[in-house]
Amino acid sequence: MTLPEIRKPHPARCHCGAVELEVTLAPKGLATARRCDCSFCARRGAVAVTVPLDGLRVVKGEDNLTLYTWNTGTAKHYFCKTCGIYTHHRRRSNPNEYGLNAACLDGVNPRDLDPVAWTDGIDHPSDRT
Ligand SMILES: [Zn+2]
6 MTLPEIRKPH PARCHCGAVE LEVTLAPKGL ATARRCDCSF CARRGAVAVT
56 VPLDGLRVVK GEDNLTLYTW NTGTAKHYFC KTCGIYTHHR RRSNPNEYGL
106 NAACLDGVNP RDLDPVAWTD GIDHPSDRT
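Structure follows, in structure tokens:
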């Protein structure tokens, strides 16, 4: 397994190219990759890596992003309006972080990230009392 060098910042984009981001991953970089089995992520199926809130900049296409929220509305899931690709979301488990679609990172093949750990989204940290 060879993982690409991740630059700081590193370019990321949706499929059609309408949305371009520049992201600086959390210090552990690609090792933060996770899948989640909550009702939403399980359907979406993307592997997400961690980006601090100040580590993400929309370079192009901010007005081409659309927002999906549900339940508590804390998590904010962003998609490209044109190609439908999920680019990033503001996390509910830690609103100081974004989850970024690892496959949107330039040069990253999500297959190379396996095995990817799972977050327990059914028993979500924010639902525990
Ligand atoms: Zn797009």
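For what it's worth, my numbering labels the leading residue of the sequence shown as 6, then goes sequentially. Every residue gets a Cβ at the ideal spot worked out from N, C-alpha and C, and that includes glycine. The structure presented is a predicted model; accordingly, all values stated were derived computationally and were not measured.
Check: residue i C-beta below 7 Å from any heavy atom of ligand 1
{"i": "threonine 41", "result": "The identity of residue 41 in the sequence shown is cysteine, whereas the question assumes threonine. It does not: the Cβ of cysteine 41 is nowhere closer than 7 Å to a heavy atom of ligand 1."}
{"i": "valine 64", "result": "no"}
{"i": "histidine 93", "result": "no"}
{"i": "isoleucine 90", "result": "yes"}
{"i": "histidine 82", "result": "no"}
{"i": "threonine 71", "result": "no"}
{"i": "cysteine 109", "result": "no"}
{"i": "histidine 20", "result": "yes"}
{"i": "cysteine 46", "result": "no"}
{"i": "threonine 87", "result": "yes"}
Beta-carbon spacing of residue i, residue j below 8 Å
{"i": "tryptophan 123", "j": "arginine 39", "result": "yes"}
{"i": "valine 64", "j": "leucine 30", "result": "no"}
{"i": "lysine 86", "j": "threonine 71", "result": "yes"}
{"i": "leucine 8", "j": "leucine 26", "result": "no"}
{"i": "arginine 97", "j": "threonine 77", "result": "yes"}
{"i": "cysteine 19", "j": "cysteine 109", "result": "yes"}
{"i": "valine 28", "j": "leucine 61", "result": "yes"}
Integer Cβ distance of residue i from residue j, believed to fall under 8 Å
{"i": "alanine 53", "j": "glycine 126", "result": "Alanine 53 to glycine 126, Cβ: 11 Å. No contact."}
{"i": "cysteine 41", "j": "cysteine 88", "result": "The pair is not a contact, with the Cβ atoms about 22 Å apart (cut-off 8 Å)."}
Identity of the residue in the options nearest residue i by Cα
{"i": "asparagine 106", "options": "Phe45, Gly50 and Lys33", "result": "Gly50"}
{"i": "valine 24", "options": "His15, Thr92 and Glu102", "result": "Thr92"}
{"i": "glutamate 102", "options": "His82, Pro16 and Asp111", "result": "His82"}
{"i": "histidine 15", "options": "Ala80, Asp111 and Gly66", "result": "Asp111"}
{"i": "aspartate 68", "options": "Gly60, Phe84 and Arg48", "result": "Phe84"}
{"i": "glycine 66", "options": "Cys43, Ser44, Ile90 and Thr79", "result": "Ile90"}
Any non-hydrogen atom of ligand 2 closer than 7 Å to residue i Cβ
{"i": "alanine 23", "result": "By its list of ligands, the structure shown excludes ligand 2, since it contains just ligand 1."}
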